[in-house]
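Engineer: In terms of the working numbering, the sequence shown opens at residue 20 and continues consecutively. Heads up, the beta-carbon is just placed ideally off N, CA and C, and yes, glycines get one too.
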Amino acid sequence: NAGTQTMTVAVRALATRDIDSYNARRIIFREILVGFFNGIVFAVIIGAVAALWFGDAQIGGIIGVAMVFNMVSAALAGILIPIILDHFEIDPAVASSVFVTTVTDVVGFFAFLGLAAWWFAI
Numbered sequence: 020n021a022g023t024q025t026m027t028v029a030v031r032a033l034a035t036r037d038i039d040s041y042n043a044r045r046i047i048f049r050e051i052l053v054g055f056f057n058g059i060v061f062a063v064i065i066g067a068v069a070a071l072w073f074g075d076a077q078i079g080g081i082i083g084v085a086m087v088f089n090m091v092s093a094a095l096a097g098i099l100i101p102i103i104l105d106h107f108e109i110d111p112a113v114a115s116s117v118f119v120t121t122v123t124d125v126v127g128f129f130a131f132l133g134l135a136a137w138w139f140a141i
């Protein structure tokens, strides 16, 4: 959802020419920061709920860290995919959503399972 919201704002900004080659880096960096801070907020909330639910702080921590990874990747995909598609003269309003959804789903899946496998293998 975070990636789709970022993508929608990016597509509109591209259509109105609010994003160009001069300010793209600044906007991309800002979206990464927003994704990171949103990830931290949701990581604390969801991590605490998961720790209480499962009775294991390790699971809560893993879910929290995975949430931060997923929110940052969602923000990054949501801003970069429309810009890249626009660069190649592909309409980002039509083509972006499937890519953004795929990226966020795959990163979320592998962030959680990868972190859990790594942590519990230690």
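1) Per DSSP, what kind of secondary structure is R45 in: helix, strand or coil?
2) Three or more beta-carbon pairs under 8 Å between the segment 95-114 and the segment 24-41, yes or no?
3) In angstroms with no decimal places, state the Cα-to-Cα distance between V87 and I47.
4) What are the boundary residues of the alpha helix (DSSP H) that includes S92?
5) Can you tell me whether R36 is helix, strand or coil according to DSSP?
6) Nearest to R44 by CA position, among I98, A135, V122, G127, is which residue?
Structural biologist: According to the structure data:
1) Residue state, collapsed to three classes: helix.
2) Yes, the segment 95-114 is in contact with the segment 24-41.
3) Rounded to the nearest whole angstrom, the C-alpha separation of V87 and I47 is 17 Å.
4) Run containing S92: 76-106, per the alpha helix (DSSP H) assignment.
5) DSSP places R36 in coil when its eight states are reduced to three.
6) The residue with the shortest Cα to Cα distance from R44 is I98.
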